[in-house]
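Protein chains in written order, with the numbering used here: chain A, 1 to 177; chain B, 1001 to 1177.
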């Protein structure tokens, strides 16, 4: 699965075949087929745990009191997930193949829509929706960038992404910083 | 070229062949080959005018006085370009095939790096770099989303994206709004 994600990153989902993955691993194609009959089955296996995590975060954020607390819980949860899945998240959010796949799983599309609604809830109407879209796509891409200053300090990266997201959404830091 | 962009959006660059485009247009493959011998040549022809525009925007922003005015000029210019190229920009920024291609053209990679440096110049170090990455990727993705409230009102979309970007970067609106 790690080999598949690396291939998705380099060649995109549509440009990746099970044959390429088995070649990369030095396995026969039938060894891969034993686990995944199609690329979609492989993609589903990769997405399943991340979407499960995201659904838990969305449900927890929805249970917070008030739209600002809900947006903040969603933001901080998503940033933590994005940092923990730093290799995977930028690949998943930019690739048209993943978008197609999500549309074929209405339960997962619904989770993404609930996430967007939570982030958009701070400001009514389109103003909130545009900011939610900027924050979600922006964080998913920015988490994959190399910042020389950060090195391996993922806590620093996480802090900076939360700060950026709060600014965009118009949320104050809980400690007023 | 419009057919190619639509295919990139649906199937990503790696999942698009010149054969698919000629099939879609009801042309023979040799009719396409008359104009583009490879998919990279086609991608280059699509990117050329956009990168030319972006380079002009970057040069204009660099000539503004002070880092805040530079960042604001870069932001407003990029949002205007993204709205004008609303079909193309979300495809170009998310696709790994485009990233690979940009790396093969150091002159174009340099333009993107200058754009990021202008947006990051408001705040020193990593704090500014993270916000620049969020703004650039966030706007490129958010411009492609459908907002029911906006309909065909692209000026409204442009305003909302500029507002979101200024917030993230910590820039005031010139009129203090």
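Each residue gets a CB set at the ideal place from its N, CA and C atoms; glycine is no exception.
Residue 1072/B classed as buried or exposed, judged by whether at least 16 other C-beta atoms fall within 10 angstroms:
Burial call: buried.
Give the single residue among 1111/B, 1033/B, 1109/B, 1131/B whose Cα lies nearest to the Cα of residue 1119/B.
Ranking the options by Cα distance to residue 1119/B, first place goes to 1131/B.
In chain B, which residues lie less than 8 angstroms from residue 12/A when you measure between Cβ atoms?
Residues of chain B passing the Cβ test: 1012, 1013, 1014, 1015, 1095, 1096, 1097.
Whose Cβ in chain A lies nearer than 7 angstroms to the Cβ of residue 1024/B?
For residue 1024/B, there are no C-beta contacts with chain A under 7 angstroms, since the nearest C-beta of that chain is about 16 angstroms from it.
Distance between residue 174/A and residue 68/A (C-alpha atoms, nearest Å):
About 11 angstroms.
Out of 1077/B, 1033/B, 1124/B, which has the shortest C-alpha to C-alpha gap to residue 149/A?
Considering only alpha carbons, the answer is 1124/B.
Is it true that the CB of residue 1005/B sits closer than 8 angstroms to the CB of residue 1143/B?
At least 8 angstroms separates the beta-carbon of residue 1143/B from that of residue 1005/B.
So for residue 138/A, helix, strand or coil by DSSP?
Helix.
Output the boundary residues of the alpha helix (DSSP H) element that contains residue 44/A.
Element bounds for residue 44/A: 39-62.
Do we get a CB-CB distance below 8 angstroms when we pair residue 1121/B with the residues of chain A?
Taking Cβ atoms only, chain A never reaches closer than 8 angstroms to residue 1121/B, which makes this a no.
Residues near residue 1029/B by beta carbon distance below 7 angstroms, same chain, minus five either side
Excluding sequence positions up to five before and after residue 1029/B, its CB lies within less than 7 angstroms of the CB of 1018, 1019, 1022, all in the same chain and listed in chain order.
Are there three or more Cβ pairs, one per stretch, closer than 8 angstroms when the stretch 1102-1118 of chain B is compared with the stretch 1044-1054 of chain B?
Contact between the stretch 1102-1118 of chain B and the stretch 1044-1054 of chain B is present: three or more C-beta pairs spanning the two stretches fall below 8 angstroms.
Round the Cβ separation of residue 1084/B and residue 1074/B to the nearest angstrom and send it over; I've been treating them as touching at under 8 angstroms.
That pair is no contact at about 16 angstroms.
The stretch 131-150 of chain A: which residues have C-beta closer than 7 angstroms to a C-beta of chain B, in chain order?
Of all residues in the stretch 131-150 of chain A, 131, 133, 134, 135, 137, 138, 139, 141, 142, 145, 147, 149, 150 have a Cβ within less than 7 angstroms of some Cβ in chain B.
Exposure label - residue 1041/B; buried when at least 16 CB within 10 Å
Counting of Cβ neighbours within 10 angstroms places residue 1041/B among the exposed residues, the total staying below 16.
Taking 7 angstroms as the limit between beta carbons, can you name the residues of its chain near residue 1012/B, skipping five residues before and five after?
Only 1095, 1097 meet the Cβ criterion.
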